[in-house]
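For reference, the structure is listed below as structure tokens.
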Amino acid sequence: MTDAHFWKDHVLVLMTPDIMVRGLQLQLFKRLLEEGIIPVAAKLSKTDAEMIDELYRDVIAGNWQTWRYRLIEDAFALAPSLAMICRCVDQDLPHAYVKSRKGNQHPHLMIDGQIRRDFGAINAVLGIFHASDNPEESRKDALVFGLTPDDVFDDEAKCHRRIEQLCKLTTPLVPETRDFDDALQQLRAAILTLFWDDLDDDSRNEIDTMLVLNGGLAATGAGSRLANLVRDTMPNDLFDVLQYDFTPEAERSGRLSGILNCIKRYGIEMDSWQHLVLESSCYFPPARKR
């Protein structure tokens with residue numbers, strides 16, 4: 002089989018680091034099998050800057066803003082990636098099939114039953130997995146992760162056991178469960194605790210009620226509602242952060258870096274996951290509970 006013919010029939014699928022830290026890699030592997038997307042080769046690797054350059058060379062050479070590269074680099078730094086060469090059962094156009102089952106990169110354009118929707122993709126940066134769009138892209142992407150047709154297992158069952166083992170070994174003892182709303186609520190709660198004693202009882206009780214509603218402190222409109230309750234109790238810069246929604250359509254005063262620096266200035270520390278979820282959602286629409 003020629004190289005060109007091989008990649009016409011095979012797709013490079015990549016379990017990205019966000020699904021690894023969420024501990025869903027084994028479930029995703031089983032889902033791929035159910036969808037008729039069958040891995041025939043696999044390799045686990047930590048993605049470094051040089052690999053990112055190769056993976057996104059075409060778009061970097063175009064009009065790719067610095068912030069986009071930074072987000073991708075931070076996302077790949079979360080955990081290893083699991084690259085797989087896959088065949089598709091009874092599909093004449095495997096790349097088109099995988100794309101249709103994968104779902105759109107933007108949550109509001111996904112539909113129920115697509116893999117990204119079902120596994121809770123957060124946004125275009127934290128999208129569960131990547132799949133190459135065409136044969137040539139699959140060939141190039143596979144090389145980035147050190148895979149070629151020569152790596153295909155003669156025994157698919159052995160390949161699948163290897164993948165299951167890697168999935169189990171990379172599953173964290175405490176998987177990450179926070180989505181966008183959780184990350185935003187956690188930040189707003191941390192800000193509120195700094196000034197909790199300065200609020201009146203009515204404001205505290207109303208905030209307490211908000212916590213049990215769908216979406217909690219991250220629900221649509223919650224930022225403005227909180228702002229009305231605490232308007233006279235905190236500095237203007239932190240007040241602006243409290244009501245900021247961390248979405249592309251949200252208005253903010255000044256640069257995003259100023260908001261993130263303000264959070265640090267008041268002693269609020271976000272971990273790498275929370276930081277990446279919120280920062281990436283400022284540029285790419287996140288999935289919301291409400």
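To convert, take the position in the sequence shown, counting from 1, and add 1; that gives our numbering.
Even glycine gets a Cβ: it sits at the ideal position worked out from N, Cα and C.
I need the straight-line Cα distance from E250 to P286, nearest angstrom please.
Approximately 8 Å, taken between the alpha carbons.
Here's the rule: buried if 16 or more other CB atoms are within 10 angstroms of the residue's CB, otherwise exposed. What is N124?
buried
Taking the C-alpha atoms as reference points, what is the distance between W274 and F77?
12 Å
CB contact flag (R117, G104, <8 Å):
yes
Those residues which DSSP pairs with S46 across a bridge:
S82
Beta-carbon separation of L193 and I208 under 8 Å?
In this structure, L193 lies near I208, with their beta-carbon atoms less than 8 Å apart.
Cα-Cα separation, E252 to Q244
10 Å
Assign V231 to one of two classes, buried (16 or more other C-beta atoms within 10 Å of its C-beta) or exposed (fewer than that).
buried
Going by DSSP, what residue range makes up the beta strand (DSSP E) through M16?
H11 to M16
Where in the stretch 86-146 do unbroken runs of the beta strand (DSSP E), each at least 3 residues long, occur, reported from the N-terminal end onward?
130-132
Are F130 and T17 closer than 8 Å when you measure CB to CB?
yes
Going by C-alpha distance, which of M271, Q115 and I73 is nearest E35?
Q115
May I ask you to check if the CB of K9 is nearer than 7 Å to at least one heavy atom of the ligand NAD?
In the structure shown, the ligand NAD is absent, as is every other ligand, since no ligand is present at all.
Would you give the residue range spanned by the alpha helix (DSSP H) that L174 belongs to?
From DSSP, L174 is part of no alpha helix (DSSP H); its letter is neither H nor E.
Residues that DSSP places opposite I39 in a beta bridge:
R88
Buried or exposed by the 16-neighbour rule on C-beta atoms within 10 Å, applied to G217:
Around the CB of G217, 16 or more other CB atoms lie within 10 Å, so the residue is classed as buried.
In whole angstroms, give me the CA-to-CA distance for D93 and V99.
11 Å
Taking just the CA atoms, how far does K141 sit from L56?
Rounded to whole angstroms, L56 and K141 show a C-alpha spacing of 8 Å.
Does DSSP put T178 in a helix, a strand or coil?
coil
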